[in-house]
Structure formats: C-alpha cells, structure tokens
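J.: Protein chains in written order, with my numbering: chain A, 1 to 154; chain B, 1001 to 1738.
From the three backbone atoms N, C-alpha and C, an ideal C-beta is built for every residue, glycine too.
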Amino acid sequence: MARIELRLNGCLRTVDCDRSMPLLWVLRDLIGLTGTKYGCGIGMCGVCTVHLDGDPARSCLVKVADCADREITTIEGLSGSGEHPVQRAWMAVNVPQCGYCQPAQIMAAAALLARNPRPDRAEIDRHMSSVLCRCGTYPRVRQAIALAAGRQVP
Amino acid sequence: MRKLTRREFLARTAWAGSGLFLAMPLAATGIRAPDRQGTTLSAYVNIGSDGMVHLFYPFTEMGQGVRTLSATVAAEELDVVFDCVRVHTPSPGPGFDDMQTGGSYTARATFGRLRQHFAAVRRMLEQAASEHWQVPLTALRTSGGRVIHDDSGRSLGYEELAYAAAQLPVPDDAPLKARNRFRLLGRPQPHVHVADMVTGRAVYGIDQRVEGMVHAALVRAPVVGGRLRSADDQPCHNVGGYLGHVVIRGNAVNSYPEHLRDGIAVLASNTWAAHEAAQRLVVDWELGENAGFDTPTYMRRLEASASASRHTVREEGDLAEGLTQADRVLEATYRGPFLAHAPMEPMNAVAIVTDAHCEVLAPTHAQSRLVAGIRQLTGLPADAVTVRTPLIGGSFGRRLQVDYALEAVLIAKAAGRPVKLTWSREEDMRFGCLRSPYVQKMQGAVRGGRVTAFRQQIACSSVWQLREPHMLVDGLDDTVAMPAAVLPYAIPNVRISQHTTALPYPIGWWRASYPTIQHTVQECWMDELIHAAGRDAFDARLSLLSGGDTIEFAWHNGWGTDKVDRSRLIRVLEELRQLSRWDSPKKPGQGRGLAMSVYSDTHLAQVVELTVHDGEIQLDRVTCVVDCGFAINPDTIAAQMEGGIIFGLSAALFGQITFEKGRVVQSNFTDYRILTCRETPEIHVHIVDSQAEVSGVGEPGTHPVMAATCSAVFDATGVRIRSLPIADQLKKPQRTES
C-alpha cells in the first residue's frame, strides 16, 4: 500500500492503494468517478480512455503510481457540464445508443481535435479506431467530430 | 429476442388488456413516485409537484431507444415539454407481471396503447379543470403541461390539477391527437439520456454501489458440469484488499431459468483486487463428461442432422419434380459459427440478500425471469424480491439470460453481506450464452431463367430445447422454423425442414438469433440460384414477388401469424435499387450484393458495396431501405439500422467462437474481433414513407447484411462464401464458380 497524490481534473486527490493498481480502478472504485468505463482490461477496446497531460491513455493499463506527476483528465473533468465542443457536437448528432463507450469516444475525439483541429476523414478513422463501440455508433462519431471541427459532415 | 415474448405480452400482461393500464386502481398501485409530493394518476403516470411527468414503463432501455419512445409519446399526447418527462423502469409486481424486453416488439406492442393511455390522462386533467372553472371541456385546450381556458385567459398546471384528476373516473373515449397535429412523433428526437451519456453521469449496472458492499470475482468450473474438488486461497492473501472467498454450487445444465456453474467467489475491497486474487486462486476441478466437447465434432454432428432433418417447416409444389424438370440443379452446404454478444459493459450485478428480502440491481431486460430465479434460490415470496434496472451497456440478447445476477445472489447469500459481482471480459467471452452454430444443406433448380425449386435442410441448436422444452410443439422449435418459413419468394417447389439439438451448453438469443441464420442462408442461396439463372439480383427477386400479395404463416401453438407483404418488399427493393446506385459502373475489384428480410413485420433490404484487393475486404458502402410502418422517431430507426448493420458486418467478417476440450477458445477482443471505426463503411438508411402499422427496428438491421456481404464478395471475386465468418478465406485458394 502506498499514499499517492494525483492531479485529477484540476484538483489534488490523495489515494491509499497498491502502487500497481490500474488508474481505471482507482478512479472508479476508490475515487468514485465512474464515467471512465471498464471494457477489456488489456488495452484493446479503449473504453477506459482518459487524458494524461492531454494525451489519450488507456487507464486500464496505466499503473496509478505512474500518474503521480501527470495531469489526469476524465470525462467528468472535460468540461463543467457538457459544454466542450465535442460534447455539444455529440448531442447535436445524437451519437449514443447504449452510451457505455461514449465517454471514451469523446475523450479520444477531444484529444484528436486538441492536436489536429481539422482532421480529415482518414485521420478521424485512424484515431477513433482506438475505441470500440458494439452498438455501432461509428458513422455518427465521424459526423460529430466533423461538426466539432467546424466542417461539413463527411 | 424471440417471438414468444411479444405474444406472451399480448396474451398475458396488463399491457394487452382492453382496459389498458387505467384498469389498474388509481393511486392504489403501491408504486412510490420519486417525488413524494406528486400524484399518482395511474399505475404508469405520476405528476410531480414540480410538474415533471414520471413514467413507469416496463420495457427496458439498452440503447435501442425505448425510453425515448415512451417519453416522446407521453410528451405528445399529454402536451408537455419533452424534457419534462422522466422514464423509470419498475420492479416486477402487480401491473408489471411479465417484464421482458425483446423480439423488436416494444414499439409495436406499446405505441398505440401508450397513446390511448396518455390521451385518457390528459382528458382527466382537462375534466378536472372543466369542473373547477365550471366551463365546458370544449372551451379548453392543453399546451406545455397546462390546461388553458382562452376565453378567460386562465390556466392551471398539470401539477395543480393532478390530485383532482386522479379522483375522476377513467374515460374510455378520450380522443387521440390527430397525426397532422403531431409536434414530436414522426420527427427526430434526442436520446433521453444523451446529456448524461456525454458527460459520464449516466449510471450503468457496473457503476452502482450500495452501503456495506464488497466486490466479488467468480472463478467458475471451466467446463459445463465441472465440479469443485478443492481450492487453496493462500496466494490470494498477498493481494491487498483480499477479504476471503465463498463457494457456490452450480446446477444441471438444463436448469430453468439459468444454468449456474460451480464456482468460488473471491471477495475484496475493490474490483481490481477481487480479479487479481481470483487469478491467484488454486483450484482443482473434476471436469466431467463435457471435457471433450469441441467445435469440429459438433459441426459434424450437425451436418449429419441436416441430412436427416425431418420436421417439415414449409412445403409447396413437388420438390422432386422441380429438381428433375430443370435446366440446372445446384447443391451446397452452408455453415455458421457460435457467436458471442460481447456488449461493451461486461456482466455484473449487485445483490443484497437477507432472510426477509432480496434486492438485486442488475443490467437485465428479463426482470421477471430474474425474479423467478431469485425466488428459486432464496425461497422468498414475490413481494419480498425487488429488481432495479440501471442503464444497460449493450445487450443484443445477452441480458435476456440472468445467470450473472443469480450468481451475485448466491454469493451475497453465502457471504452474508451485499456483493457486487463484476465479470472480466475474458469471462464474458468464455461463459457467454452464445448464438447457435448451424449447418444447412441446400438444393435448388432453375429453369427458363426462373428459380423453380428451393430445398433447405436446417440443423442447429435450439435455445428452448435445453431449458424450456415445453415451448416446443411436437419437437418443433418455431423460433427456428418461422424465420425460415417466411421465405418471401413465389417459388413453385419448396421444401424446408429442420432438426434441432439441445446442446450441452447454454445458448441464447442474439439480435433475434435464428433470423440471422435463416435469412443469411436463404439469401446467399437465392444469390447462387439467381446467378445460375443468369438473372440480375433485383430483377429476379422482383419477378418472384410479382403477385404483390401477402403470405401468412401460423405459429404451431396458436400465437398468431407472421406475414410477408410482397407489395411492401417490392417497394423497398425499387427504392433500394435507385438509392444504392445498383446499376452504376463498378471500380476494379468492387462488388455489390443484395439481401432482404422480413421480421416482426418490418420489411427491409440492403445492398453492400465492397472492394477486394489481395484478399483484403474494404467495406465501401451499405445502403438500407426499411419499411417499419409509421416512423415514430426516424433518428432512432436510422441509428438501429446503422448499428444492426455494423453488428452483422462484425459477424460476417470476424465473428466466431470455438470450443476445444469443453472450453471456449476466444478470450477478449483480440481474438473475437469487432468492427472498428476505420473498417466501417458509409451507411445510408432510407425509411419508406409507410402507412403500415408501427413495427420494430432493434434486430432486423442485422438480418440481411451478412448475406449481402457474401454476395458482394462473390460479385467482386467469384468466390462463394458458404461458411462464416469470411475471416481469411479470400487469402487462400478457393473453389470458384463461373
């Protein structure tokens, strides 16, 4: 067990846990931020995507001890209450079906647009293939990102 | 997911009664409103003192949009603002006595009834205002959750009228809103949970926690029927947060409602610790008689069964003569694999069990089945069991089985404290309730450019035969038979027969299951026959539907009939031919395939366009035309078609679960691949402007797409895909057909 200080969504949080505990479970079970989801546990499906220093990361693979010096952003910290352009685009396009993977889709999309404000279709496809969706919302994911980027829907 | 369900609804539930929900005694239903200041107007409607309208709707949201559907109908008929409606899923009980959502039947079963119900509630609110103001009903109108008297400029909110309205008799003649006055119905409405879903506030089963809860991971017998010999938890003590373990005893594979395996539940203070400890547990299993079960052996057994299939599902004309009097006779064998659902949210449940009460929080859409299972395990009466349904992170039929929730009940009972059981993804793959595999022997004949004979011999496993054999009629499983019986073509000589087996492994419903088998095989086979006849896929189908009549097939136990309206299919095909640009030139390596399907009264067809280069398939475009009657929410329909298509494409390209030594080989998304964003084609959905009754869209989008994909591959390469998934079949030498 160790005491670890985290910079999470603009606040400082302290957790007491095993240093090798994945960030995902620290967020969900110890801190109670359940917007970040468990999907596969091996970094394949991406539904646990958060930002570490602004970059998308799979929180099921990241050990909490390795996050100590990094700024962690989860879906709960992306905006105050859903006004991030990606979230607004997501609502405008009505992307979610079951909704379970959507926080991760949004975190992945927000990271893409932060680095590349005008991604083309191939860049969107390449980047967003990191997060799986079983309901099949991919066509709307593409549309929403194009909308958030201020482009016509592809 | 099965036709029985919707007919059960019609036959037995309060939803089917002529008096509707309002036949329930008002304000006497035992349902507590979220807002205790509110007024219960019926078993299903409560109006809060803040004006919010709370619906208690027994159909479960799992991404298919039924909460949005019910909220839209309520807002429309009650004349309230869409955002002022909250939909709740009740626990099974009086008035909600057969809770199960499936069969793409929710919209069809409830649309008209919801409208009548809310129209009656609105009329009662108007009546209360009429008596209060002493003015005639005809002088009143409703808007934005208020009753308005224009002559005097007065108005009252529904929350002010609700108590008086609840004392009034229920009108049986409340007029429905005319369709030309619809503000919301027939137009796109947003998902009722979209704001919570994009901010991470939406609460799924896996997100729930209750006071005093511990986390559990379950180590199950690796083979069905395996028994626990011994376990050593010494290594678990090295995991911080490990709290101990309990043993649960399983039951026979054919147990109703669910088969549960022997297992050892590892308890811990968080999910991760529970799974870490579970991996360290040392267990010795007696594997039992299924330890040799494997896929190749079972497929050989199915192949023999297909040749010997004796249950006639449909017979017309004289097959022998049709196969003799022919220009060309064709034969082929089609095969398909076990398939897993793999919803993104793994199975989970929270259970609180005491001597007097059991409460389960479970992402399921078979709540009444769960109650039956809980009563069996606990001996508690029905009114001592509560089932709470959170949001569901995808199901596709998986959560019509409630095994995971019953496991949580057994663990909580043994542990003597509230327990949250979370499955790993590996468990989800290895202990799923899979779609049946199949082998089908096909024969057919063409003469003079027409398909003149069609023979289909079906072999597969039956969901019912294992656990619910009483659902079969003289050994015939109609959930298997009916999707084949509805072959829509006017072919003079037809014989369809089937043989089903009870597999020693629990199989389940998979986005309707058997239509994904029967419609795939039939439409692939039609493509072969049409090609042999030298005809175009659209032309040949249209000529085989040319009567434009309706054919009907009766369920053997009197549940009613399934209909195919050939005139609706003709229209679907004609619109699809245009929209898919079927007759336009193709690029090198490109192919197009067509398939259609009728299910649950929804008529639809799809064209897949793809390109094959060096054995690699690139999906270019899927065009879908669907006639599902009045389009309640066109956005939901389009979303369900898009999702259904992608679900089917994943299965066509990659989907396959295999068994070795009694165990599932696949373990995660690495070896059970699903489509990614990059692999997803452009998808265009067109909804036919239809006068037909409302019909369902949750499952049918999946049904034609596998066959359309296989036919497109043939068009592109000349290679016939007769065994799914396509996987790497295009990368090695294959038999081809001229």
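(1) Which whole-angstrom value is the C-beta distance of D1232 of chain B and V1282 of chain B, which I expect to be below 8 Å?
(2) Looking only at its own chain, which residues have a Cβ that is under 8 Å from the Cβ of E1126 of chain B, when we skip the five neighbours before and after it?
(3) Chain B partners of S81 of chain A, CB-CB under 7 Å?
(4) Going by Cα to Cα distance, which pick from B:L1466, B:E1660, B:D1620 and B:G1508 is closest to H1341 of chain B?
(5) Assuming the contact rule is C-beta atoms closer than 8 Å, T1068 of chain B and Q1189 of chain B should be a hit. Round their C-beta distance to whole Å, please.
(6) With burial defined as no fewer than 16 other Cβ atoms inside 10 Å of the residue's Cβ, what is the status of M1706 of chain B: buried or exposed?
(7) Looking only at its chain, what residues have a beta carbon closer than 8 Å to the beta carbon of T1452 of chain B, apart from the 5 residues adjacent to it on each side?
(8) Which residues in the same chain as R1722 of chain B place their Cβ atom closer than 6 Å to its Cβ, once the five residues preceding and following it in sequence are excluded?
(9) 8 Å is my cut-off, CB to CB: does G39 of chain A come that close to chain B?
(10) For a minimum of 3 consecutive residues, which ranges assigned as the beta strand (DSSP E) are wholly contained in the region 1204-1246 of chain B?
(11) Can you list the residues of chain B that L132 of chain A reaches, using a CB-CB cut of under 8 Å?
(12) Could you give the distance in angstroms between the alpha-carbon of T1680 of chain B and the alpha-carbon of E1528 of chain B?
(13) Against V141 of chain A, what residues of chain B qualify as contacts under a CB-to-CB distance less than 7 Å, listed in chain order?
(14) Which value, in whole angstroms, describes the spacing of the CA atoms of A2 of chain A and W25 of chain A?
(15) Classify C40 of chain A as buried or exposed, calling it buried when 16 or more other Cβ atoms lie within 10 Å of its own Cβ.
(16) CA-CA distance, S130 of chain A and I1458 of chain B?
(17) What does I1458 of chain B pair with, by DSSP beta-bridge criteria?
(18) Which residues mark the beginning and the end of the alpha helix (DSSP H) in which I1721 of chain B is found?
(19) Taking the runs of the beta strand (DSSP E) that are 3 residues or longer, which of them lie wholly in the region 1376-1411 of chain B?
(20) Let me check one thing: in DSSP terms, what residues is M1124 of chain B bridge-paired to?
(21) Helix, strand or coil for R1261 of chain B per DSSP?
(22) Whose C-alpha, out of B:M1471, B:P1222, B:M1347 and B:Y1163, is nearest the C-alpha of W1559 of chain B?
(23) Would you say E1642 of chain B lies against chain A (beta-carbon separation less than 8 Å)?
(24) How big is the Cα-Cα spacing for P1090 of chain B and W1582 of chain B?
(25) What are the residues that DSSP puts in a beta bridge with W1285 of chain B?
(26) Against R1425 of chain B, what residues of chain A qualify as contacts under a CB-to-CB distance less than 9 Å, listed in chain order?
(27) Leaving out the 5 sequence neighbours to the left and right, which residues in its chain are closer than 8 Å to G1144 of chain B when beta-carbon positions are compared?
(28) Taking the C-alpha atoms as reference points, what is the distance between H127 of chain A and I145 of chain A?
(29) With contact counted as at least three CB pairs below 8 Å, one residue from each stretch, are the region 113-124 of chain A and the region 63-82 of chain A in contact?
(30) Helix, strand or coil for T1101 of chain B per DSSP?
(31) Report the partner residues of T1040 of chain B according to the DSSP bridge assignment.
(32) Of all the residues that make up the region 1375-1395 of chain B, which are near chain A by a beta-carbon distance shorter than 9 Å?
(33) Pairs of beta-carbons, one from the region 1284-1297 of chain B and one from the region 1658-1676 of chain B, closer than 8 Å: are there three or more?
(34) What's the C-alpha gap between L1434 of chain B and C133 of chain A?
(35) Please list the terminal residues of the continuous alpha helix (DSSP H) segment that includes F1538 of chain B.
(36) Mind checking T1110 of chain B: buried by the 16 CB within 10 Å criterion, or exposed?
T.: In short, the structure shows the following:
(1) The residue you call residue 1232 of chain B lines up with position 232 of the second sequence. The residue you call residue 1282 of chain B lines up with position 282 of the second sequence. About 4 Å separates the two Cβ atoms, so the contact holds.
(2) Taking the second sequence and counting its residues from 1, the one referred to as residue 1126 of chain B is at position 126. Counting only Cβ-Cβ distances below 8 Å, and skipping sequence neighbours, we find L1137, L1140, T1142 and V1147.
(3) As a working mapping, residue 81 of chain A is identified with position 81 in the first sequence. T1199, listed in chain order.
(4) As a first step, residue 1341 of chain B must be located in the second sequence, where it is residue number 341. Selected option, being the one with the closest Cα: B:G1508.
(5) To locate residue 1068 of chain B, count along the second sequence from 1; it is residue 68. To locate residue 1189 of chain B, count along the second sequence from 1; it is residue 189. About 6 Å; that satisfies the 8 Å criterion.
(6) The residue you call residue 1706 of chain B lines up with position 706 of the second sequence. It is buried - the Cβ of M1706 of chain B has at least 16 other Cβ atoms within 10 Å.
(7) On the second sequence, position 452 is the one that residue 1452 of chain B refers to. Cβ neighbours of T1452 of chain B beyond the five flanking positions: G1322, Q1325, A1326, A1445, V1446, I1491, P1492 and N1493.
(8) Here residue 1722 of chain B refers to the residue found at position 722 of the second sequence. A1332 and Y1334, listed in sequence order.
(9) As a working mapping, residue 39 of chain A is identified with position 39 in the first sequence. Yes, its Cβ sits closer than 8 Å to a Cβ of chain B.
(10) 1214-1220 and 1227-1232
(11) Along the first sequence, one-based indexing puts residue 132 of chain A at 132. M1344, F1669, I1674 and T1676, listed in chain order.
(12) Within the second sequence, the letter at position 680 stands for residue 1680 of chain B. Within the second sequence, the letter at position 528 stands for residue 1528 of chain B. One C-alpha to the other measures close to 26 Å.
(13) One-based indexing of the first sequence puts residue 141 of chain A at position 141. Chain B residues near V141 of chain A: C1677.
(14) Here residue 2 of chain A refers to the residue found at position 2 of the first sequence. Here residue 25 of chain A refers to the residue found at position 25 of the first sequence. The alpha-carbon atoms of A2 of chain A and W25 of chain A are separated by roughly 15 Å.
(15) Residue 40 of chain A sits at position 40 when you count from the first residue of the first sequence. That one is buried.
(16) The sequence position of residue 130 of chain A within the first sequence is 130, counting from 1. The sequence position of residue 1458 of chain B within the second sequence is 458, counting from 1. If I take the Cα positions, the gap works out to 39 Å.
(17) Counted from its first residue, the second sequence places residue 1458 of chain B at position 458. B:Q1440 and B:Q1498, per the DSSP bridge assignment.
(18) On the second sequence, residue 1721 of chain B is found 721 positions in, with the first residue counted as 1. It is not in any alpha helix (DSSP H) - I1721 of chain B carries neither H nor E in the DSSP assignment.
(19) 1385-1388
(20) By one-based count along the second sequence, residue 1124 of chain B stands at place 124. Bridge partners of M1124 of chain B: none, in fact.
(21) Start at 1 with the first residue of the second sequence, and residue 1261 of chain B comes out as number 261. Coil, per DSSP.
(22) Counted from its first residue, the second sequence places residue 1559 of chain B at position 559. Selected option, being the one with the closest Cα: B:M1471.
(23) Position 642 of the second sequence, counted from the start, is the residue given in the question as residue 1642 of chain B. Yes, because at least one Cβ of chain A sits closer than 8 Å to the Cβ of E1642 of chain B.
(24) Looking up residue 1090 of chain B in the second sequence gives position 90. Looking up residue 1582 of chain B in the second sequence gives position 582. Their backbone Cα atoms lie some 48 Å apart in a straight line.
(25) Locating residue 1285 of chain B in the second sequence gives position 285, counting from the first residue. DSSP output for W1285 of chain B lists B:L1228 as bridge partner(s).
(26) The residue you call residue 1425 of chain B lines up with position 425 of the second sequence. By Cβ distance, chain A contributes Y38, G39, C40, G41, I42, M44 and C45.
(27) Residue 1144 of chain B sits at position 144 when you count from the first residue of the second sequence. Correct list, in chain order: D1079, V1080 and V1081.
(28) As a working mapping, residue 127 of chain A is identified with position 127 in the first sequence. As a working mapping, residue 145 of chain A is identified with position 145 in the first sequence. About 11 Å.
(29) no
(30) Along the second sequence, one-based indexing puts residue 1101 of chain B at 101. Note: T1101 of chain B maps to coil in three-state DSSP.
(31) In the second sequence, counting from the first residue as 1, residue 1040 of chain B sits at position 40. T1040 of chain B pairs with B:N1046.
(32) L1391, I1392, G1393, G1394 and S1395
(33) yes
(34) Numbered from 1 along the second sequence, position 434 holds the residue referred to as residue 1434 of chain B. Numbered from 1 along the first sequence, position 133 holds the residue referred to as residue 133 of chain A. Using only the alpha carbons, I get a separation of about 19 Å.
(35) Taking the second sequence and counting its residues from 1, the one referred to as residue 1538 of chain B is at position 538. F1538 of chain B -> alpha helix (DSSP H) spans A1537 to L1544.
(36) For the purposes of this step, residue 1110 of chain B is taken as the residue at position 110 of the second sequence. The residue in question, T1110 of chain B, is buried, as its Cβ has 16 or more Cβ neighbours within 10 Å.
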